[in-house]
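*Asks:* Right, I'll just put the structure down here and ask away after.
There are 4 protein chains.
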Amino acid sequence: MQSKKIKVGIVGGTGYTGVELLRLLAQHPDVELSVITSRGEAGLPVADMFPSLRGRVSLVFTDPSQADLTLCDVVFFATPHGVAMSQAQALVAAGVKVIDLAADFRLQDITVFEKWYKLPHSCPDILANAVYGLPELYREQVRSAQVIGNPGCYPTTVLLGLAPLLEQGLVDLSIPIVSDSKSGVSGAGRKAEVATLFAEASDNMKAYGVSGHRHHPEIQEQLRQLSGVAPQFIFVPHLIPMIRGMLSTMYVKLTPEGLKTDIQALYETRYQREPFVDVLPPGSLPETRTVRGGNHLRLALYPQAETGYLTIIVVQDNLVKGAAGQAVQNMNIMFDLDERTGLEVVPLLP
Amino acid sequence: MQSKKIKVGIVGGTGYTGVELLRLLAQHPDVELSVITSRGEAGLPVADMFPSLRGRVSLVFTDPSQADLTLCDVVFFATPHGVAMSQAQALVAAGVKVIDLAADFRLQDITVFEKWYKLPHSCPDILANAVYGLPELYREQVRSAQVIGNPGCYPTTVLLGLAPLLEQGLVDLSIPIVSDSKSGVSGAGRKAEVATLFAEASDNMKAYGVSGHRHHPEIQEQLRQLSGVAPQFIFVPHLIPMIRGMLSTMYVKLTPEGLKTDIQALYETRYQREPFVDVLPPGSLPETRTVRGGNHLRLALYPQAETGYLTIIVVQDNLVKGAAGQAVQNMNIMFDLDERTGLEVVPLLP
Amino acid sequence: MQSKKIKVGIVGGTGYTGVELLRLLAQHPDVELSVITSRGEAGLPVADMFPSLRGRVSLVFTDPSQADLTLCDVVFFATPHGVAMSQAQALVAAGVKVIDLAADFRLQDITVFEKWYKLPHSCPDILANAVYGLPELYREQVRSAQVIGNPGCYPTTVLLGLAPLLEQGLVDLSIPIVSDSKSGVSGAGRKAEVATLFAEASDNMKAYGVSGHRHHPEIQEQLRQLSGVAPQFIFVPHLIPMIRGMLSTMYVKLTPEGLKTDIQALYETRYQREPFVDVLPPGSLPETRTVRGGNHLRLALYPQAETGYLTIIVVQDNLVKGAAGQAVQNMNIMFDLDERTGLEVVPLLP
Amino acid sequence: MQSKKIKVGIVGGTGYTGVELLRLLAQHPDVELSVITSRGEAGLPVADMFPSLRGRVSLVFTDPSQADLTLCDVVFFATPHGVAMSQAQALVAAGVKVIDLAADFRLQDITVFEKWYKLPHSCPDILANAVYGLPELYREQVRSAQVIGNPGCYPTTVLLGLAPLLEQGLVDLSIPIVSDSKSGVSGAGRKAEVATLFAEASDNMKAYGVSGHRHHPEIQEQLRQLSGVAPQFIFVPHLIPMIRGMLSTMYVKLTPEGLKTDIQALYETRYQREPFVDVLPPGSLPETRTVRGGNHLRLALYPQAETGYLTIIVVQDNLVKGAAGQAVQNMNIMFDLDERTGLEVVPLLP
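One line per chain: the protein sequences are A, B, C and D, in this order.
Count the first sequence with UniProt numbering and you get residues 1 to 350, in order.
Count the second sequence with UniProt numbering and you get residues 1 to 350, in order.
Count the third sequence with UniProt numbering and you get residues 1 to 350, in order.
Count the fourth sequence with UniProt numbering and you get residues 1 to 350, in order.
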């Protein structure tokens with residue numbers, strides 16, 4: 001446990017992952033919010049933009065050019081892709097830890113990064129040492145990391161949903177793994193766009209990114225890590241008329257060995273010491289609202305006896321375990337705090 | 001009944017009143033959709049933007065500079081304020097009827113118009129002959145009008161909710177009339193704005209325009225017409241997380257004469273021949289969904305015995321009776337059709 | 001075209017499929033609504049329960065014991081499973097046509113029916129002659145049918161989404177077909193239940209029926225018809241916070257022949273004369289709101305080059321093409337009307 | 001500060017106020033959840049009914065007949081009206097404090113209680129000593145109370161919205177006070193009812209209780225306390241398609257003295273030491289989501305210069321400050337804890 005507070009900086013706090021970081025960090029006992037930058041909103045008190053923070057956050061947005069982030073212990077980037085990598089070098093040089101909630105440090109394969117994000121990567125050496133911040137898979141690496149690529153929301157559900165099987169080699173990889181995923185609209189961010197207006201997105205649903213979504217290569221790179229091969233993977237995300245919440249329904253064919261395994265026990269054992277992964281009892285039907293505002297990911301398992309398939313359903317709050325909560329979890333690990341610190345908010349139901 | 005079809009032009013068909021006009025006119029037996037203009041979308045088939053119209057509307061958006069609107073019998077303006085008045089002169093000169101769904105021809109008092117809309121009025125002579133298109137109050141004038149200022153959505157609910165009382169002088173005008181009004185989010189239009197994003201407007205509500213809303217002077221001008229004096233009027237609109245629907249709750253103090261009157265009978269008599277005004281039985285609680293997609297306005301009356309007040313609740317679909325449906329109703333009157341033609345769609349419930 | 005109107009009876013008009021039938025039939029030019037029964041609501045005007053029908057439907061609910069349904073030309077059953085089969089014998093004997101919107105006449109295999117619906121089938125002889133009312137597959141049989149089992153909502157999306165492939169033998173049936181389906185909450189009916197309360201189902205989603213849903217055997221029986229074999233089929237339905245709307249995302253492996261086929265052209269050709277099936281252009285992303293209130297089913301196709309799979313996305317309004325609209329479409333065919341009569345309502349968007 | 005934890009019992013924990021109490025108390029550092037009763041669910045782990053509490057609440061529902069509530073320090077009743085008064089006598093005799101979230105101890109006038117709740121009051125002597133648990137008005141009485149009648153949700157907004165004016169006599173009481181109030185659907189409770197189904201209440205709104213709502217007499221009794229007279233009061237509640245959230249828009253006529261007063265300063269001064277009342281800066285538009293899940297009530301003031309009226313808008317979370325949060329606030333006061341203990345959850349936005 002720390003004796004003094006962690007000085008935290010946030011770059012880009014006007015989006016949904018930004019305000020979510022503020023919500024969680026404002027309740028974190030070991031954190032001092034030092035600086036938050038925004039080019040467009042410099043001078044505005046944060047609580048004027050997000051009145052939910054009135055009385056809890058007294059920071060004012062600072063112009064990036066005026067902010068000395070090297071005085072922080074850790075800086076979170078809640079920015080579009082490309083921002084974190086442009087500032088990482090200076091921060092790393094100053095000994096500041098970096099947690100990027102965008103994609104700059106998620107993909108180790110630079111060619112893939114540049115293809116999907118249409119940006120040259122400006123600091124491949126830092127990337128090479130960056131850690132993919134999924135604590136349930138890489139806790140030890142996170143502990144000593146200087147730079148974290150915080151996972152995408154969809155990848156978190158898919159990877160934690162599949163890891164116990166892939167680690168044991170129980171999936172028949174001659175058949176594609178399918179993840180049919182569904183996200184609340186906050187996942188699209190706080191950008192003014194017609195497609196996510198209330199009158200467009202409410203009482204309506206659709207698939208999107210069917211021919212290619214940026215989380216596809218991220219998931220594939222990690223599936224390769226987990227399985228040792230490059231599995232075929234079909235990924236279809238859908239936009240659902242709810243603010244928060246993400247649910248992935250995965251369909252995998254088990255190997256003969258997998259068919260003989262007690263899958264429920266396997267998952268329970270694998271995750272028994274994980275504070276934020278909850279394996280539900282057999283027959284449960286996970287609902288997204290059971291994690292609304294909380295950092296838990298809950299999952300359930302349904303063997304399909306007739307086909308030899310396993311259906312796996314995973315839920316999380318896309319803004320918490322899928323973004324800001326996971327980032328705080330990573331910070332806790334990096335600063336040797338109890339991993340749950342500041343993250344024990346009970347989900348809001350109803 | 002016409003032997004040949006009415007040639008209709010629409011200026012600005014990419015917003016919600018535009019697509020709603022298209023929905024209604026596509027089902028109208030006496031209309032031929034001739035042209036629809038859009039600067040930004042020229043060349044795009046309308047049904048590509050609004051796939052609900054696939055197979056029903058084959059028009060392509062035309063650049064305004066390429067469209068000869070003078071070949072139409074009537075032109076609807078589903079545009080921002082200021083567009084209709086810039087084109088009205090030429091259309092009127094060519095004998096084309098004009099129905100403006102924005103505010104250019106709603107307010108007879110030009111000073112008030114210019115104060116609230118921050119625009120000089122470019123054709124005061126046409127305005128002087130324009131008719132406020134609320135058929136239940138001005139049907140005869142609509143019949144012979146060349147230019148219609150189609151009423152605002154809130155004013156339609158307030159004026160039809162109060163007309164029977166004001167026409168009979170039954171309201172104590174020494175006390176302000178209060179209208180606490182609520183609108184679905186489509187009323188804010190199809191503009192990309194943060195405030196009306198799903199993740200902002202859903203599971204949330206707020207008042208807006210409390211210190212002044214453009215429908216306030218419009219309502220006041222009409223209240224003056226109805227009552228012969230300028231009544232005090234307090235108007236607070238609210239944004240409600242539903243796509244369509246508008247509900248106004250009005251609070252008025254009755255005169256001693258009003259207190260002796262059978263108000264229910266008064267309203268039923270006043271509106272008995274109106275095809276689109278439905279006075280509900282005593283004790284009813286109007287729901288917005290009972291008019292979803294339909295051109296009806298439904299209302300109910302609640303005398304407050306202890307206070308001598310009357311509470312009036314009015315519902316409509318803001319995009320139909322509050323905008324596009326009323327515009328088509330006006331067109332039907334202007335072209336001597338049965339007023340209900342093309343407007344007999346049964347509301348969608350649930 | 002008929003010279004006189006079709007006399008229609010509805011048994012059980014207090015649920016969502018009932019009010020939806022009323023909405024459509026009230027706008028149908030060749031129909032006379034003769035009688036609607038309800039045990040619980042006898043004596044109540046239908047429009048008192050559903051004020052959206054005020055001025056359009058003047059029927060009063062009749063107690064079943066007082067209603068002589070044999071005077072009708074056709075009777076729709078919008079009732080729980082088991083009701084239609086208890087009355088079908090008498091109606092058939094009287095020459096009345098029957099369209100059951102529940103499951104009594106959907107499954108030809110009585111053993112399967114009795115297993116899933118926990119009811120003995122009371123008129124297997126009538127079932128043997130009943131027709132599965134999916135016009136796009138069985139139009140000729142519908143034309144001469146006396147009794148129609150109107151398809152379930154999910155099966156309509158799955159079967160029309162797969163038919164062109166299965167008819168041509170282009171699916172590799174050694175691999176299970178997966179349908180990940182999503183439904184609006186109205187699909188659960190108008191029963192008072194905690195799980196579908198607004199405060200439970202809003203801003204939330206979940207899967208249900210993962211271990212077995214009644215539409216599974218219905219789909220499997222029809223897949224067998226289409227393919228000649230009994231394909232493996234995995235079906236996971238989900239509950240989505242929208243009133244209406246259904247979207248099925250299907251994942252199938254193509255045969256080598258299928259991989260060489262122009263799938264888009266295959267579907268366009270197969271459905272080119274179908275008034276209610278709309279094959280969207282390549283790259284389209286179907287939204288449920290584009291069919292809200294309309295009888296269209298729209299679909300799009302996404303070949304997954306790397307895996308040899310095809311993803312198929314289908315949308316419909318679960319209460320229209322998925323229930324009442326399809327029932328009216330069947331009626332139109334049975335009475336030799338233009339199939340589109342009364343069903344040309346333009347969907348409500350937004 | 002206590003050295004040992006407060007033993008808490010909850011009677012009736014299966015509704016929304018019950019689960020909300022559990023959410024808040026599970027995060028309260030000075031509370032030990034001892035027992036929760038439910039007749040219908042005895043034996044069921046609470047977290048099986050509400051999986052959001054998994055890992056946080058290990059209690060199992062106990063049958064009321066098996067629960068010895070006299071071992072508790074305080075018992076919360078989250079039950080229908082009539083339950084608390086049937087058990088209060090025994091608990092009070094045993095020295096247990098009682099906080100009733102229903103109406104049994106809200107109205108001092110028994111005649112009014114019996115008229116509106118259709119129940120004889122079974123313990124008028126306890127009622128006479130019960131305190132109306134609105135801390136901002138009755139903090140000292142709460143401190144020493146044995147039995148608390150926790151205020152209704154609507155009354156909390158109306159009374160805190162009006163108190164500063166009425167305490168100073170600045171409202172012209174010859175004119176009725178109007179409160180046009182709006183509530184999210186969770187206010188209707190977790191009962192299986194058709195009217196609050198998702199498919200009924202979503203994308204829809206309505207007024208209800210226009211001719212009489214049980215919160216009307218409760219508000220009037222308190223207005224009398226505040227003003228010394230019995231002001232006329234018009235109250236119209238509305239049902240809004242959101243889960244949580246309440247907004248009251250109030251219209252009052254100011255006295256000449258009131259018109260000369262700096263109303264903003266008056267409210268800021270009145271509430272400056274209140275931890276849970278937030279007077280927003282002039283021109284603010286309170287949104288319900290800014291208090292979602294939090295115990296704050298926020299308000300804004302709009303003088304209507306032309307009419308001499310003041311419009312007051314108040315928002316709260318109906319389940320927190322309007323119910324369970326306020327109950328915990330009362331408990332904190334009764335047990336001499338910092339009033340904010342366990343209530344510092346930052347609201348969930350978006």
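Think of the CB as a built atom: it goes at the ideal place given N, C-alpha and C, for glycine as much as any other residue.
What you are looking at is a predicted structure, and each value in this text was computed from that prediction instead of being measured.
Using a Cβ-Cβ distance cut-off of 8 angstroms, determine whether C/D262 contacts chain A.
*Replies:* no
*Asks:* Determine the DSSP secondary structure at C/H213, reduced to helix, strand or coil.
*Replies:* coil
*Asks:* For the stretch 268-293 of chain A, which residues have a beta carbon sitting closer than 9 angstroms to at least one beta carbon of chain D?
*Replies:* P275, D278, L280, P281, S284, P286, E287, R289, T290, V291, R292 and G293
*Asks:* Would a check of beta-carbon distances place A/A26 closer than 8 angstroms to chain D?
*Replies:* yes
*Asks:* Check the Cβ-Cβ distances between C/V346 and every residue of chain B, and say whether any is below 8 angstroms.
*Replies:* yes
*Asks:* Buried or exposed: where does B/L119 fall if 16 or more other Cβ atoms within 10 Å of its Cβ makes it buried?
*Replies:* exposed
*Asks:* If you measure from the beta carbon of D/M1 to each beta carbon in chain A, is any gap under 8 angstroms?
*Replies:* Here D/M1 scores only 46 on pLDDT, less than 50, and its place in the model should not be relied on; the value that follows carries that caveat. Under the Cβ criterion of 8 angstroms, D/M1 is not counted among the residues facing chain A.
*Asks:* Beta carbon of B/E268, beta carbon of B/V279: below 8 angstroms?
*Replies:* yes
*Asks:* Please give me, in chain order, every unbroken run of the alpha helix (DSSP H) with length at least 4 that falls completely inside the stretch 171-203 of chain A.
*Replies:* Fully enclosed alpha helix (DSSP H) runs of 4 or longer: 198-201.
*Asks:* Within 8 angstroms of any Cβ in chain C, is that where the Cβ of A/L247 sits?
*Replies:* Under the Cβ criterion of 8 angstroms, A/L247 is counted among the residues facing chain C.
*Asks:* Thinking C-alpha only, which one of C/S284, C/Y132 and C/G245 is nearest C/Q264?
*Replies:* It is C/S284.
*Asks:* Take the Cβ of C/V178 as the centre, count every other Cβ of all protein chains shown within 10 Å, and call the residue buried at 16 or more, exposed below.
*Replies:* buried
*Asks:* What are the residues in the stretch 295-307 of chain A lying within 7 angstroms of chain C by C-beta distance?
*Replies:* Y302, Q304, E306 and T307
*Asks:* Would you please state the rounded distance, in angstroms, between the beta carbons of B/Y132 and B/Q222? I believe it to be under 8 angstroms.
*Replies:* For B/Y132 against B/Q222, the beta-carbon gap comes to about 7 angstroms, under 8 angstroms, which counts as contact.
*Asks:* For C/K115, does the three-state DSSP call read helix, strand or coil?
*Replies:* If DSSP states are grouped into helix, strand and coil, C/K115 belongs with the helices.
*Asks:* What does B/S202 reach in chain A if we use C-beta pairs closer than 7 angstroms?
*Replies:* The contact set of B/S202 on chain A, defined by CB atoms closer than 7 angstroms, consists of F198, S202 and I243 in chain order.
*Asks:* Looking at chain D, which residues of the stretch 42-66 of chain A have a Cβ within less than 8 angstroms of any of its Cβ atoms?
*Replies:* F50, P51, S52, L53, R54, G55 and R56
*Asks:* Cα separation between B/K253 and C/T341?
*Replies:* 50 angstroms
*Asks:* Run through chain B and tell me which residues come within less than 9 angstroms of C/S186, C-beta to C-beta.
*Replies:* Residues of chain B passing the Cβ test: P350.
*Asks:* Would you identify the three-state DSSP class for B/E339, choosing helix, strand or coil?
*Replies:* coil
*Asks:* Are the stretch 36-54 of chain D and the stretch 55-69 of chain B in contact at 8 angstroms, needing three or more beta carbon pairs?
*Replies:* no
*Asks:* With distances taken Cα to Cα, identify the nearest neighbour of D/W116 among D/H81, D/M85, D/R289 and D/G149.
*Replies:* D/H81
*Asks:* Return the residue from the list A/A201, A/E274, A/G212 and A/L165 that minimises the CA-CA distance to A/D262.
*Replies:* If we check each option's Cα against that of A/D262, A/L165 comes out closest.
*Asks:* Cα separation between C/F61 and C/K97?
*Replies:* 21 angstroms
*Asks:* Would you say A/R23 reaches chain D, if we count a Cβ-Cβ gap shorter than 8 angstroms as a contact?
*Replies:* So yes, A/R23 belongs to the interface.
*Asks:* Quick one: does A/Y16 have its CB under 8 angstroms from some CB of chain B?
*Replies:* Chain B contact via Cβ: present.
*Asks:* Using a Cβ-Cβ cut-off of 7 angstroms (strictly less than) and excluding sequence neighbours within five positions of D/L319, which residues of its own chain qualify?
*Replies:* Result list for D/L319: Y16, T17, E20, S186 and R244, in chain order.
*Asks:* Since B/V320 meets chain A, which of its residues come closer than 8 angstroms, beta carbon to beta carbon?
*Replies:* Within chain A, no residue comes near B/V320; the closest Cβ sits about 14 angstroms away, beyond 8 angstroms.
*Asks:* Candidates B/P135, B/A192, B/D338 and B/N332: which alpha carbon is nearest B/V277's?
*Replies:* Nearest option by C-alpha distance: B/P135.
*Asks:* Where are the beta strand (DSSP E) runs, 3 residues long or more, that stay fully inside the UniProt domain "Semialdehyde dehydrogenase NAD-binding" (7-145) of chain B, in chain order?
*Replies:* 31-37, 74-77 and 97-100
*Asks:* Tell whether a beta-carbon distance below 8 angstroms holds between D/F198 and C/S202.
*Replies:* yes
*Asks:* Can you tell me the Cα-Cα spacing of D/Y251 and C/H215, whole angstroms?
*Replies:* 54 angstroms
*Asks:* Okay, do the stretch 141-160 of chain D and the stretch 99-113 of chain D touch, 3+ Cβ pairs below 8 angstroms being the bar?
*Replies:* yes
*Asks:* Would you tell me roughly how many angstroms separate the C-alpha atoms of D/T307 and D/P231, rounded to the nearest one?
*Replies:* When rounded, the separation of the alpha-carbon atoms in D/T307 and D/P231 is 20 angstroms.
*Asks:* Quick check: the stretch 155-164 of chain D against the stretch 303-317 of chain D, are there 3 or more CB pairs under 8 angstroms?
*Replies:* yes
*Asks:* Where A/P176 and A/L310 are concerned, what is the direct C-alpha to C-alpha distance, given to the nearest angstrom?
*Replies:* C-alpha separation (whole angstroms): 13 angstroms.
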